[in-house]
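**Student:** Going left to right, the sequence shown walks through residues 2 to 889 as my numbering numbers them. No residue lacks a Cβ here, since even glycine has one placed at the ideal position from N, Cα and C. Bear in mind the structure is a predicted one, so any value in this text is a computation, not a measurement.
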Amino acid sequence: MSTLDSLPILPDDLQGASLVVPSSASSSTTPAGNPVSSPPAPFPDDSDARRASREKDAESGQKPTSPAQPAGSWPGRRGPNKRDSQSPTSRSTEPGKSRDVVRETELPLAAFELESSSAESGTGEASQTELFETNPPPWELAVEDDVLLASIVFSRSPHGPYDYRIPDSLREELKPGMRVGVPLGHRKKPTPGWCVAVKEGKAAHRKLRDVAECIDESPLCDASLVRLVMWMAHYYQVPAGQVFDTLIPSSVRSAAGTKQTTYFTPAKEVTDTVIDKLPAKQQAVMRHLVSANRSMTSAELAVAASCTEDPIRRLKKKGLIVPEVRREMHSGIRILAQTNDGEADRTHELTEQQTAALERINVAVDSGRGRTLLLHGVTGSGKTEVYIRAIEHVVSQAGSAIVMVPEISLTPQTRGRFESRFPSVAVLHSQMSPSERHFHWQRIRRGEVQVVIGPRSAVFAPLPNLGLIVLDEEHDTSFKQDSQPRYHARKVAHARAMSLGIPLLLGSATPSMEAWHATQSGHAELISMPDRVAGRPMPDVQLVDLRVRDDRAGGGAISRPLKQAVDETLREKGQAILLLNRRGFATTIQCPACGHVVACPDCDMPLTHHRDGGKAMCHYCDYTIGTPPWCPACRFDGIRYGGLGTQKLEVEAKAKFPDAKIARMDGDTMKRPGSHQRVLSEFRSGEIDILLGTQMIAKGLDFPNVLLVGVINADSALHFPDFRAAERTFQLVTQVAGRTGRGDRGGRVIVQTFTPEHPAIQAASRHDYFKFVEEEMVNRRKFNYPPLGSVARIIIRGPVEEKTEDVADSILARLESARDLLKSEVRILGPAPPPIVRLRGKYRFHLLLQATDSAVVGEVIRRALADFKTDPKEEIEYLIDIDPVNLL
Ligand code: ADP
Ligand code: ZN
């Protein structure tokens with residue numbers, strides 16, 4: 002998780018300054034260890050590539066522009082402008098002169114285009130001085146500025162960046178942020194890559210290979226997004242090409258929902274005399290085209306001139322009409338009507354607290370500076386209304402905004418609230434079709450959208466006049482991506498906001514420790530809304546101690562006090578929410594005779610029994626078998642289901658409340674598009690009395706008739722081997738408790754737990770966020786855990802346990818020597834098997850790195866692994882997770 006306070010790259014006091022990136026981001030060694038050199042060699046493996054490149058260069062008499070970094074050396078950092086400061090003779094390879102030791106050097110990203118050229122050619126230029134005369138002949142000086150280079154990165158290995166020459170024909174066209182086709186190795190077809198910089202080259206660069214083509218007509222990312230990509234590539238240690246692929250949806254890259262159409266216009270030199278000499282049909286076509294005074298498709302022309310397409314083809318062949326291919330949206334794309342769930346939409350007279358909050362946000366918007374605000378408003382304090390008003394203010398100045406919410410809160414309710422207040426809203430969600438996504442993306446980019454609402458990926462929405470980024474429920478773990486690039490939307494939003502000089506507004510009733518710490522250390526401004534709207538009280542929370550036998554009603558999941566409360570609620574025609582954070586029926590399948598637990602063969606984790614269809618499933622990899630009727634180990638015929646999942650709770654609830662209409666909401670029932678929306682509208686309309694489910698029902702819902710919330714087992718997340726276990730528990734209980742008491746009839750909460758005395762549960766039961774953070778901060782400080790320190794995790798996985806461990810050990814050795822070299826205070830833990838020892842058939846080991854400064858952690862890893870390669874035959878991979886959220 003990001004530590005807002007220790008942002009090495011973007012201290013808040015740099016307000017509005019351009020995004021800065023450590024120079025090593027653009028230096029000659031990428032995390033994957035690829036040298037910046039050109040022309041790239043045809044081998045996927047980098048060391049081979051380097052060798053081959055050297056051999057080839059030896060043949061051609063050209064030296065690689067950048068030889069591999071000598072072990073233990075630092076990528077070169079250059080002065081701000083090498084072009085005027087460095088004559089060929091002054092280029093020095095002496096360590097410490099042109100190559101400073103890099104410690105997260107702050108380098109204005111605005112200068113990235115220039116810097117990348119200097120850094121990239123860093124070591125390379127030096128070698129070229131040996132090859133070319135130090136005093137180039139005058140004719141070379143004369144053409145020097147004529148060479149334009151493009152720096153290209155690739156999403157697959159080799160990742161680059163590599164320099165290519167821009168041929169004259171593409172000089173006007175090619176811009177950073179565009180995809181281009183370039184020759185790579187011996188591949189016949191041009192390889193697609195992303196242009197990250199265009200820069201002037203030297204005469205020596207004339208030998209580089211040419212960019213073959215531009216794939217896009219205009220850049221898919223503007224300059225600020227290209228900078229964001231480069232920052233992410235550096236910070237998260239991911240090849241920039243892969244970050245581009247995350248930033249630009251695949252539907253956009255493949256132009257989903259578009260077709261190519263050829264339009265014709267008359268050639269410039271066509272005169273009446275020329276036309277008069279043509280055969281009759283062709284004459285007719287020409288005259289229609291000339292008089293139409295616009296370009297026409299071949300089909301349109303054929304109809305207009307009542308002819309076949311043959312005369313058109315002939316005219317084209319003669320060069321009398323000029324084709325132009327355009328990509329257009331299909332007219333028939335189905336854009337799902339975006340409807341709300343029937344919540345009456347109304348604007349509110351703001352409460353005093355809302356007014357005060359809004360004023361401060363508006364001041365931040367008007368300041369034109371990058372700054373972070375934390376809106377800490379209790380559940381039901383009306384945060385959404387504040388977001389909407391703040392965005393109205395931004396829109397009134399022709400600006401636009403991004404609102405990120407956890408995917409699960411992308412409910413019709415959220416949508417409806419924004420759509421009823423802004424004429425042009427784009428809601429991005431995971432169930433969109435590719436063409437729909439592409440359609441919205443284009444609208445957003447053209448500036449036709451005022452507000453973009455979506456999950457974490459919405460942080461990349463290419464809005465042209467972005468004026469505010471809102472991250473609602475900023476504590477939510479879904480803002481961290483679990484696959485490469487493992488970015489956190491909060492961190493990326495912060496980087497984007499600061500580089501644009503706009504505010505980032507974080508909102509939560511239970512702010513993350515990171516966000517809270519940022520307010521305490523002066524990196525974020527705290528705005529509080531401690532009371533609910535309309536003078537509504539916070540709901541009463543009653544703890545039920547499950548260790549007390551009398552309360553546990555005979556083995557069931559619903560205790561006696563909870564049963565009574567539900568009965569009362571139903572009598573009062575109110576609604577209830579029951580939270581249980583495990584899906585499935587039974588969470589273990591165990592033989593009482595021999596003790597065998599049915600487990601996943603690929604992950605070694607117990608399978609969960611699902612009652613629908615009698616399946617036993619692995620919740621880590623989706624491995625599924627029919628639930629065995631007898632023990633697979635000893636054949637004992639009486640296997641037992643233990644542990645409690647939502648399906649079992651549903652069965653029990655139906656038995657205990659036979660007259661109530663009950664619906665279950667979890668990952669299993671919500672698979673089909675629209676099911677979420679359907680259940681929620683039924684709940685709003687009162688057709689459903691009891692809604693039970695996983696954490697899905699804990700987030701954001703605002704239903705006034707919910708008089709009771711029951712937490713079946715508050716401890717479920719408490720005993721996870723994760724330093725954030727207490728924080729998660731506090732958040733979950735507080736959030737779900739916040740779903741009640743939102744109407745005029747009040748509400749109550751019953752929390753079942755085996756550890757009622759636990760500080761997180763105590764604090765949640767009193768709605769006491771401050772008490773919780775105070776105590777939790779002490780724990781974090783003890784071990785220097787985030788937000789006080791920074792953590793990174795390296796996972797090593799492979800099919801053979803010993804070999805995987807060997808690789809983990811050698812990574813440890815490298816990390817240690819990098820740490821010693823840097824003389825940095827980084828604690829390295831492991832390698833050790835993580836809680837999930839085996840996943841999808843791979844053995845796993847992990848290492849944790851900890852330090853006060855995240856920049857140092859990043860640098861140690863970068864140094865240690867820059868040129869680290871595993872043997873492809875052993876299929877061992879390692880992955881780097883900066884600010885990990887998941888430690889399993
Ligand atoms: P939060 O996100 O802070 O938990 P919501 O934004 O969902 O709270 O708002 C809670 C409820 O209060 C919503 O039904 C909203 O329509 C209502 N509300 C918001 N502002 C006001 C206000 N100023 N006066 C009355 N009701 C309000
Ligand atoms: Zn599995």
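(1) How about C622: is its Cβ closer than 7 Å to a heavy atom in the ligand FAD?
(2) Express the C-alpha separation of F846 and P607 in angstroms, rounding to a whole number.
(3) Just to confirm, does T756 get its C-beta within under 7 Å of one of the non-hydrogen atoms of the ligand ADP?
(4) Measure the C-alpha to C-alpha separation of D473 and T380 and round it to an integer number of angstroms.
(5) Given this structure, state the Cα-to-Cα distance separating E325 from K189, to the nearest angstrom.
(6) Is D483 near the ligand ZN, in the sense that its beta carbon is under 7 Å from a heavy atom of that ligand?
(7) What does a CB cutoff of less than 7 Å around A718 pick up in its chain, not counting 5 residues either side in sequence?
(8) Starting from T909, follow the beta strand (DSSP E) in both directions and report where the run begins and ends.
(9) Among I626, R295, S158 and H289, whose alpha-carbon lies nearest the alpha-carbon of A305?
(10) Taking 7 Å as the line, does the beta carbon of Q355 fall inside it for any heavy atom of the ligand ADP?
(11) Who are the near neighbours of C604 in its chain, counting only those whose CB is closer than 6 Å to its CB and skipping five residues on each side?
(12) Need the endpoints of the alpha helix (DSSP H) that G417 sits in, please.
(13) Is E350 near the ligand ADP, in the sense that its beta carbon is under 7 Å from a heavy atom of that ligand?
(14) Kindly indicate which three-state DSSP category Y488 falls into: helix, strand or coil?
(15) On the criterion of 16 or more Cβ atoms from any shown chain inside 10 Å, does S307 qualify as buried, or is it exposed?
(16) If you draw a straight line from the C-alpha of Q398 to the C-alpha of V471, how long is it?
(17) If we call anything under 8 Å between Cβ atoms a contact, is Y264 one with S296?
(18) Give a yes or no on whether the C-beta atoms belonging to D716 and R584 are separated by under 8 Å.
(19) Once DSSP output is grouped into helix, strand and coil, what is the label at L209?
(20) Under the three-state reduction of DSSP, which class applies to W631: helix, strand or coil?
(21) Mind checking whether the beta-carbon of M433 lies closer than 7 Å to any heavy atom of the ligand ZN?
(22) K481: buried (16+ other C-beta within 10 angstroms of its C-beta) or exposed?
(23) Taking buried to mean at least 16 other C-beta atoms within 10 Å of its own C-beta, is S251 buried or exposed?
(24) Taking only three categories from DSSP, how would you classify L672?
(25) Starting from S766, trace the alpha helix (DSSP H) in both directions and tell me its first and last residue.
(26) May I ask you to verify whether the region 756-776 touches the region 794-806, counting CB pairs closer than 8 Å and requiring at least 3?
(27) Alpha carbon to alpha carbon, how far is E651 from T352? Give it in angstroms, no decimals.
(28) In angstroms, rounded to a whole number, what distance separates the CA positions of I249 and G790?
(29) Grouping DSSP H, G and I as helix and E and B as strand, with all else coil, what is V652?
(30) Could one say the Cβ of A793 lies closer than 8 Å to chain C's Cβ atoms, at least one of them?
(31) Go ahead and label P787 buried or exposed: buried means 16 or more other beta carbons lie within 10 angstroms of its beta carbon, across all protein chains shown.
(32) Which ranges does the alpha helix (DSSP H) cover as unbroken runs of at least 4 residues, wholly within the region 362-434, from first to last along the chain?
(33) Does the structure place the region 742-754 close enough to the region 532-546 that three or more beta carbon pairs sit under 8 Å?
(34) I'd like the list of long-range same chain contacts for S431, defined as Cβ closer than 8 Å, with 5 residues on each side in sequence excluded.
(35) State whether the region 163-181 contacts the region 201-221, with contact taken as three or more CB pairs (one from each stretch) at a distance under 8 Å.
(36) For the candidate residues E218, L175 and G744, whose alpha-carbon lies nearest to that of R685?
**Tutor:** Considering the structure as presented:
(1) With respect to the ligand FAD, the structure offers nothing, as its ligand set consists of the ligand ADP and the ligand ZN.
(2) Walking along the sequence shown from the start, residue 607 turns up at place 606. Walking along the sequence shown from the start, residue 846 turns up at place 845. Rounded to whole angstroms, P607 to F846 spans 20 Å at the Cα level.
(3) What you label residue 756 is simply residue 755 of the sequence shown in a count that begins at 1. No; taking the cut-off as 7 Å, the Cβ of T756 has no heavy atom of the ligand ADP nearer than that.
(4) Here residue 473 refers to the residue found at position 472 of the sequence shown. Here residue 380 refers to the residue found at position 379 of the sequence shown. Approximately 12 Å, taken between the alpha carbons.
(5) By one-based count along the sequence shown, residue 325 stands at place 324. By one-based count along the sequence shown, residue 189 stands at place 188. The alpha-carbon atoms of E325 and K189 are separated by roughly 26 Å.
(6) By 1-based counting over the sequence shown, the position of residue 483 is 482. Checking every heavy atom of the ligand ZN against the Cβ of D483, none is found closer than 7 Å.
(7) The residue labelled residue 718 in the question sits at position 717 within the sequence shown. So the qualifying residues of the chain are N582, A726, R729, T730 and L733.
(8) With the chain running from 2 to 889 in the structure shown, residue 909 is simply not present.
(9) In the sequence shown, residue 305 corresponds to position 304, counting from 1. Taking A305 as reference, the option from I626, R295, S158 and H289 with the minimal CA-CA separation is H289.
(10) Along the sequence shown, one-based indexing puts residue 355 at 354. Taken from the Cβ of Q355, at least one heavy atom of the ligand ADP lies inside 7 Å.
(11) Walking along the sequence shown from the start, residue 604 turns up at place 603. Cβ neighbours of C604 beyond the five flanking positions: C619, Y621, C622, R839 and L840.
(12) Start at 1 with the first residue of the sequence shown, and residue 417 comes out as number 416. Unbroken alpha helix (DSSP H) run through G417: P413 to E420.
(13) The residue labelled residue 350 in the question sits at position 349 within the sequence shown. For E350, the shortest C-beta to heavy atom distance toward the ligand ADP is below 7 Å.
(14) Taking the sequence shown and counting its residues from 1, one reaches residue 488 at position 487. Of the three classes helix, strand and coil, the one that applies to Y488 here is coil, per DSSP.
(15) Mapped onto the sequence shown, residue 307 falls at position 306. Exposure of S307 is indicated by the presence of fewer than 16 other C-beta atoms within 10 angstroms of its C-beta.
(16) For the purposes of this step, residue 398 is taken as the residue at position 397 of the sequence shown. For the purposes of this step, residue 471 is taken as the residue at position 470 of the sequence shown. Taking the straight line from one Cα to the other gives about 17 Å.
(17) In the sequence shown, residue 264 corresponds to position 263, counting from 1. In the sequence shown, residue 296 corresponds to position 295, counting from 1. In this structure, the beta-carbon distance from Y264 to S296 falls below 8 Å.
(18) Translated into the one-based positions of the sequence shown, residue 716 becomes position 715. Translated into the one-based positions of the sequence shown, residue 584 becomes position 583. If you check the CB distance, D716 and R584 do not come in under 8 Å.
(19) Here residue 209 refers to the residue found at position 208 of the sequence shown. Here L209 sits in coil by DSSP.
(20) If you number the sequence shown from 1, residue 631 lands on position 630. Reduced to three states, the DSSP call for W631 is coil.
(21) Stepping through the sequence shown from its first residue, residue 433 is reached at position 432. Using a cutoff of 7 Å, the CB of M433 does not count as near the ligand ZN, since none of the ligand's heavy atoms is closer than that.
(22) Counting from 1 along the sequence shown, the entry for residue 481 is found at position 480. K481 sits buried, since 16 or more C-beta atoms from the chains shown fall within 10 Å of its C-beta.
(23) Taking the sequence shown and counting its residues from 1, one reaches residue 251 at position 250. In this structure S251 is exposed. Its beta-carbon is surrounded by fewer than 16 other beta-carbon atoms within 10 angstroms.
(24) The sequence position of residue 672 within the sequence shown is 671, counting from 1. Looking at the sequence provided, one finds Lys at residue 672 rather than Leu. Note: K672 maps to coil in three-state DSSP.
(25) Position 765 of the sequence shown, counted from the start, is the residue given in the question as residue 766. Start and end: P760 to S766.
(26) Pairwise C-beta distances place the region 756-776 out of contact with the region 794-806, as fewer than three of them are shorter than 8 Å.
(27) As a working mapping, residue 352 is identified with position 351 in the sequence shown. As a working mapping, residue 651 is identified with position 650 in the sequence shown. Each residue's CA atom was taken as its position, placing T352 and E651 some 40 Å apart.
(28) Taking the sequence shown and counting its residues from 1, one reaches residue 249 at position 248. Taking the sequence shown and counting its residues from 1, one reaches residue 790 at position 789. Cα atoms of I249 and G790: separation of roughly 32 Å, rounded to the nearest angstrom.
(29) The residue labelled residue 652 in the question sits at position 651 within the sequence shown. The answer is helix: DSSP assigns V652 an H, G or I state.
(30) Here there is only one protein chain, and chain C is not present.
(31) If you number the sequence shown from 1, residue 787 lands on position 786. A residue is called buried once 16 or more other Cβ atoms fall within 10 Å of its Cβ, and P787 is buried on that count.
(32) Counting only runs of 4 or more, we get 384-397 and 413-420.
(33) Short answer: they touch.
(34) Locating residue 431 in the sequence shown gives position 430, where the first residue counts as 1. The answer, listed in chain order, is E408 and P456.
(35) Touching, yes, given that three or more Cβ pairs across the two stretches are closer than 8 Å.
(36) In the sequence shown, counting from the first residue as 1, residue 685 sits at position 684. Of all alpha-carbon atoms in E218, L175 and G744, the one lying nearest the alpha-carbon of R685 is that of G744.
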